[in-house]
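Colleague: Numbering (our numbering), first residue to last: 40 to 389.
1. Within its chain, find whatever has a CB closer than 6 Å to the CB of residue 63; leave out the 5 residues flanking it on each side and keep chain order.
2. Look up residue 64 in the DSSP assignment and give the residues it is bridged to.
3. Given that a residue counts as buried once 16 or more other Cβ atoms are within 10 Å of its Cβ, and exposed if not, what is residue 219?
4. Does DSSP put residue 116 in a helix, a strand or coil?
5. Is there at least one non-hydrogen atom of the ligand SAM closer than 6 Å to the beta-carbon of residue 303?
6. Straight-line CA distance for residue 43 to residue 362?
7. Which one of 346, 348, 342 has the shortest CA to CA distance from residue 354?
8. Relative to the C-alpha of residue 263, which candidate in 288, 121, 246 has its C-alpha closest?
9. DSSP three-state label for residue 135, please.
10. Using a Cβ-Cβ distance under 7 Å, would residue 268 count as near chain C?
11. State whether the segment 77-86 contacts the segment 108-122, with contact taken as three or more CB pairs (one from each stretch) at a distance under 8 Å.
12. Could you name the residues that DSSP lists as bridge partners for residue 327?
13. Around the Cβ of residue 193, are there at least 16 other Cβ atoms within 10 angstroms (buried) or fewer (exposed)?
14. Locate the alpha helix (DSSP H) running through residue 248, then write down its first and last residues.
15. Would you mind sorting residue 381 into buried or exposed? The rule is 16 or more other CB atoms within 10 Å of its CB.
16. Taking only the alpha-carbon atoms, compute the straight-line gap between residue 67 and residue 129 and give it to the nearest angstrom.
17. Can you say whether residue 223 is buried or exposed, counting buried as having 16 or more other CB atoms within 10 angstroms of its CB?
18. Please report the straight-line C-alpha distance between residue 197 and residue 225, rounded to a whole angstrom.
19. Taking DSSP's pairing of strands, which residues face residue 176 in a bridge?
20. Three or more C-beta pairs under 8 Å: does that hold for the segment 134-153 against the segment 301-311?
21. Measure the alpha-carbon distance for residue 390 versus residue 157 and round it to whole angstroms.
22. Quick check on the DSSP output: the beta strand (DSSP E) that includes residue 90 runs from which residue to which?
23. By alpha-carbon positions, which one of 346, 357, 281, 294 ends up nearest to residue 99?
24. Given a threshold of 16 other Cβ atoms within 10 Å of its Cβ, counted over all protein chains shown, does residue 290 qualify as buried or as exposed?
The structure is reproduced here in structure tokens:
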């Protein structure tokens with residue numbers, strides 16, 4: 040901490056918002072259209088940093104847990120530059136739980152430091168200015184005609200990569216329908232841990248025939264043996280999502296998956312995602328930068344890291360009817376690396 044800020048302690052405040060998707064968003068486990076998100080603001084020495092908590096019930100978080108835990112963890116940000124100390128204090132108080140709250144606090148500290156240095160976060164972290172991979176656009180589970188419509192309209196808007204949510208009793212029909220509606224797009228599949236081993240083996244042939252790029256989380260999160268066996272016979276890469284909760288999980292996943300989907304909200308923030316990225320690379324794994332349904336603030340944070348990844352799935356804010364932040368430059372599925380100090384987005388005027 041420099042002399043300008045050493046005499047004071049950071050102030051952390053927060054606000055919870057309900058974000059609404061433009062249409063109901065369905066995956067194998069549920070369908071929702073309202074997503075509570077908490078925006079955290081760190082103020083120190085006349086500068087601010089912002090973060091977003093995007094809780095997901097699969098990882099044990101809800102609006103209620105975020106509201107209960109933030110007052111406990113907020114004062115862990117003592118010196119915004121002390122990233123190791125922040126991680127240590129957060130881990131000591133809540134070793135494995137509440138990753139989206141930790142993410143919001145870590146995001147806020149990192150952006151504050153970027154503001155202090157007058158640079159973008161990717162520059163602060165020493166990352167390459169490489170362009171981002173084209174992001175997929177998600178076709179969520181609905182009736183077949185609606186999924187056809189989603190794919191057709193996304194392709195018409197210029198999206199060249201679609202990720203289709205599966206885990207239904209009509210998955211083969213969905214793949215056939217989407218290939219018919221959008222024959223030239225690159226297609227990815229996300230089963231959200233919904234298939235049995237038997238179903239997954241049967242679907243592999245369907246996915247290969249449809250030229251699917253990869254399949255995300257076909258089996259239950261804890262079934263690493265099943266994923267390893269599936270990987271041994273698969274003609275498409277298998278990518279972990281629900282099986283990855285913590286940075287340390289990457290080591291075990293390397294034997295069962297070809298790649299990992301990194302989400303800041305489930306790993307505890309951008310610095311933890313960067314650690315997981317580097318660990319995955321060290322073990323020969325491909326990497327996708329993913330997201331939750333979240334505002335452009337959360338998407339911007341992921342975008343600063345996405346240039347170091349093979350794939351991107353950063354459409355969370357594109358699915359919203361009421362994104363409270365602006366500043367990201369989208370051209371169909373192509374997201375420009377954010378510019379300006381910090382995360383590079385601004386709060387919209389109500």
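Backbone N, C-alpha and C define an ideal beta-carbon position, used for all residues, glycine too.
Modeller: In brief:
1. 70, 72
2. DSSP, once it has assigned bridges, lists 71 as partnering residue 64.
3. Around the beta carbon of residue 219, fewer than 16 other beta carbons sit within 10 angstroms, so the residue counts as exposed.
4. Reduced to three states, the DSSP call for residue 116 is coil.
5. Absence of the ligand SAM is noted for the structure shown, with no ligands found whatsoever.
6. Caution is warranted here: a pLDDT of 48 is assigned to residue 43, below 50, making its placement in the model unreliable, and the coordinate value is therefore given only provisionally. If I take the Cα positions, the gap works out to 35 Å.
7. 342
8. 288
9. Coil, per DSSP.
10. Judged by its chain identifiers, the structure shown contains no chain C, having just a single protein chain.
11. With a cut-off of 8 Å, the segment 108-122 and the segment 77-86 count as touching, because enough Cβ pairs lie within range.
12. 300, 350
13. buried
14. 236-248
15. Counting the other CB atoms within 10 Å of its CB gives residue 381 a total of 16 or more, which places it among the buried residues.
16. 32 Å
17. It is exposed - the Cβ of residue 223 has fewer than 16 other Cβ atoms within 10 Å.
18. Cα to Cα, residue 197 sits roughly 12 Å from residue 225.
19. DSSP lists 201 as partners of residue 176.
20. Verdict: yes, contact present.
21. For the chain, the structure presents residues 40 to 389; residue 390 sits outside this window and is missing.
22. 86-92 is the span of the beta strand (DSSP E), which, as asked, contains residue 90.
23. For residue 99, the nearest C-alpha among the options comes from 281.
24. exposed
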